[in-house]
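What follows is one structure encoded as structure tokens, with my remarks underneath.
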Amino acid sequence: MNTIKKAHLHLTLLNGCITTLILIVMTLGYLLITENNMMKNKMYAYQSDIYTIASYIEQQDIISNTWLSQLESGKKYYVSLMDNNTEFLYDTNKIQESGERRQVLDKAWHYYHEGSTSMTHHTLSYKSSYTSFILPPSVIEDSSGYCCFVIHMEKNTSTLEILLAAPLETIQKQMTRQRFLFLGIITLALIAIWIFAWIFTGKLLNPIEASRLRQNQFIASASHELRTPLAVILSCAEAGLDKNACSELTTIKNEALRTSRLLNDMLTLLSCDTGHLDIKPVRAQLDTLLLNACEAFENMAAAKHIQIRVSLPEEPLPDCICDSERIIQVLTIFLHNAVSYTPEGGKIFLSADYMNKHYEIKISDTGVGISDEEKTKIFDRFYRSEKARSDKNHFGLGLSIAYDIITAHHGSIKVTDTPGGGTTFLILLRSQSV
């Protein structure tokens, strides 16, 4: 597994684990708050029933069997009434009593009389009060527990105690359904999060992977380009030592110069990659830079009978804020390419103009031209068209360097076809102050 794949896996794990932890903590917190609120609302409903029951008993002289039966209808409550510590058997016509009901009531009375510290006492009126407590599931087997209330009331000469045991099974089922619902939602959300994390980190690492591939290609190409001149230098040096000949030494010099140019180009590109390309903007005259660059190639062009023509506006161009040495380097790259790829008897045209707060430098030739497919690749490093591969003096770095230099000047380069054949490069530089 290469470094990028390991980074992809580790970033996915980090992103997924952090998001999962946050989501689980938030969900547990939400469930805790929601279930507490559900229990509080249930208790409020019970308390409302207690006030209603206590008010009814205070106002009635006789407690009817019908009323007590209604309290137990739907199994909302199990009810037991003590009159002076004697249980009131309100439904003597029952054929049989539920074993669970009897067990719950007996356990609840026993728990109440023990006087557990977990009980809470409330006052209803000067004649009545009630005590609330939870009968835990451990007391009653196969149950979810019961919420119990004992209303204590003095009525005439009697002491009444009414036990109401409300099963918590309903609210427990409601909580369980809610937990399973959230478990399903969380599971789906986590699947989506992990898929997103994998895709997102992959997209995030794509530029790094592309940069790594370009770097590998750069190293491979540079190694290949450096191997050739060094092999020539070594063979010529050995031959020169054997023959004591000057021709081999001349070849060594040329190959050493070629290698030096390649190394300089590589150092320039390294500066561009690290963001440390040395740009020193000063006030310069573009027309003068253009003429100086053309003068440097007059002999080279004359040897191939190529005409170099320069067109400048009648009015002097305003001074341009740029790094004059870097602009000369760019012009040299374009002129060298133009002279190299223009056949004998061809022409090269240079022009400079200023419009819309932009400087325009145009370099046109009547050379072999560039296909539309190659126009998108010519600024890539070490890219050379099939027509240029036989030229040992071109490494495929020049246009890439020119592009980086102009970009550092906040400018742009466009490439088009020259009418009648050839290539035209248009350099746009934005007018700016020092």
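In the numbering used here, the protein residues as written are 401 to 834. Just so you know, even glycine gets a beta-carbon here, dropped at the ideal spot from N, CA and C.
Going by DSSP, name the residue or residues bridged to residue i.
{"i": "residue 838", "result": "As displayed, the chain neither begins before 401 nor continues past 834, which places residue 838 out of reach and without an answer."}
{"i": "residue 830", "result": "758"}
{"i": "residue 707", "result": "747"}
{"i": "residue 816", "result": "824"}
{"i": "residue 538", "result": "DSSP output for residue 538 lists no bridge partner at all."}
{"i": "residue 425", "result": "Answer is none; residue 425 lacks a bridge partner."}
{"i": "residue 632", "result": "Answer by DSSP bridge pairing: none, since residue 632 is not bridged."}
{"i": "residue 611", "result": "Answer by DSSP bridge pairing: none, since residue 611 is not bridged."}
{"i": "residue 684", "result": "720"}
{"i": "residue 905", "result": "The shown model of the chain, from 401 to 834, leaves out residue 905, and the question about it has no answer."}
Measure the C-alpha to C-alpha separation of residue i and residue j and round it to an integer number of angstroms.
{"i": "residue 835", "j": "residue 585", "result": "A question about residue 835 goes unanswered here, because the residues of the chain that appear run from 401 up to 834."}
{"i": "residue 749", "j": "residue 690", "result": "11 Å"}
{"i": "residue 419", "j": "residue 409", "result": "15 Å"}
{"i": "residue 576", "j": "residue 518", "result": "25 Å"}
{"i": "residue 733", "j": "residue 423", "result": "57 Å"}
{"i": "residue 823", "j": "residue 703", "result": "21 Å"}
{"i": "residue 486", "j": "residue 463", "result": "15 Å"}
{"i": "residue 835", "j": "residue 810", "result": "The requested residue 835 is not part of the displayed model; the chain covers only 401 to 834."}
{"i": "residue 719", "j": "residue 698", "result": "25 Å"}
{"i": "residue 568", "j": "residue 472", "result": "15 Å"}
{"i": "residue 762", "j": "residue 416", "result": "53 Å"}
{"i": "residue 700", "j": "residue 710", "result": "16 Å"}
{"i": "residue 814", "j": "residue 614", "result": "23 Å"}
{"i": "residue 688", "j": "residue 714", "result": "14 Å"}
{"i": "residue 460", "j": "residue 453", "result": "11 Å"}
{"i": "residue 803", "j": "residue 632", "result": "31 Å"}
{"i": "residue 501", "j": "residue 430", "result": "35 Å"}
{"i": "residue 759", "j": "residue 771", "result": "27 Å"}
{"i": "residue 468", "j": "residue 528", "result": "19 Å"}
{"i": "residue 571", "j": "residue 503", "result": "21 Å"}
{"i": "residue 686", "j": "residue 606", "result": "40 Å"}
{"i": "residue 522", "j": "residue 470", "result": "25 Å"}
{"i": "residue 580", "j": "residue 441", "result": "21 Å"}
{"i": "residue 805", "j": "residue 677", "result": "8 Å"}
Excluding the five sequence neighbours on either side, which residues of its own chain have a C-beta within less than 8 Å of the C-beta of residue i, listed in chain order?
{"i": "residue 548", "result": "508, 511, 512, 532, 533, 534, 535, 563, 564, 565 and 566"}
{"i": "residue 574", "result": "438"}
{"i": "residue 706", "result": "739, 742, 744, 745, 746, 747 and 748"}
{"i": "residue 682", "result": "721, 722, 723, 724 and 834"}
{"i": "residue 609", "result": "404"}
{"i": "residue 475", "result": "567"}
{"i": "residue 757", "result": "830 and 831"}
Tell me whether residue i is buried or exposed, calling it buried when 16 or more other Cβ atoms sit within 10 Å of its Cβ.
{"i": "residue 789", "result": "The predicted position of residue 789 is uncertain, since its pLDDT is 40 and thus under 50; no value can be drawn from it."}
{"i": "residue 426", "result": "exposed"}
{"i": "residue 546", "result": "buried"}
{"i": "residue 766", "result": "buried"}
{"i": "residue 595", "result": "exposed"}
{"i": "residue 737", "result": "buried"}
{"i": "residue 726", "result": "buried"}
{"i": "residue 457", "result": "buried"}
{"i": "residue 825", "result": "buried"}
{"i": "residue 695", "result": "exposed"}
{"i": "residue 433", "result": "exposed"}
{"i": "residue 553", "result": "buried"}
{"i": "residue 800", "result": "buried"}
{"i": "residue 541", "result": "exposed"}
{"i": "residue 561", "result": "buried"}
{"i": "residue 764", "result": "buried"}
{"i": "residue 495", "result": "Summary for residue 495: the model assigns pLDDT 35, below 50, so the residue's position carries little reliability, and this model does not support an answer."}
{"i": "residue 455", "result": "exposed"}
{"i": "residue 591", "result": "exposed"}
{"i": "residue 448", "result": "exposed"}
{"i": "residue 505", "result": "buried"}
{"i": "residue 604", "result": "exposed"}
{"i": "residue 414", "result": "exposed"}
For residue i, collect the residues of the same chain with a Cβ closer than 6 Å to its Cβ; drop the 5 residues on either side in sequence, then sort them by chain order.
{"i": "residue 411", "result": "601"}
{"i": "residue 484", "result": "558 and 559"}
{"i": "residue 543", "result": "537"}
{"i": "residue 659", "result": "629"}
{"i": "residue 679", "result": "723 and 808"}
{"i": "residue 598", "result": "412"}
{"i": "residue 520", "result": "532"}
{"i": "residue 792", "result": "At residue 792, the pLDDT of 47 sits below 50, so the modelled position is not reliable; the number obtained from the coordinates is stated separately. If we look at residue 792 and ignore the five residues flanking it on each side, it has no Cβ neighbours."}
{"i": "residue 435", "result": "575"}
{"i": "residue 751", "result": "711 and 762"}
{"i": "residue 778", "result": "799"}
Can you name, in chain order, every residue of its own chain whose Cβ lies under 7 Å from the Cβ of residue i, other than the five neighbours on each side?
{"i": "residue 861", "result": "No answer is possible for residue 861: it lies beyond the span of the chain, which begins at 401 and ends at 834."}
{"i": "residue 612", "result": "404"}
{"i": "residue 493", "result": "Low confidence applies to residue 493: its pLDDT is 44, below 50, so where it sits in the model is not reliable, and the reading given next is rough at best. Around residue 493: no qualifying Cβ."}
I'd like to know if residue i contacts chain B, where contact means its C-beta is closer than 9 Å to some C-beta of that chain.
{"i": "residue 816", "result": "Checking the listed chains, one finds no chain B in this structure; it contains a single protein chain."}
At a threshold of 8 Å, does residue i count as lining the ligand PLP (C-beta to nearest heavy atom)?
{"i": "residue 471", "result": "With respect to the ligand PLP, the structure offers nothing, as it holds no ligand at all."}
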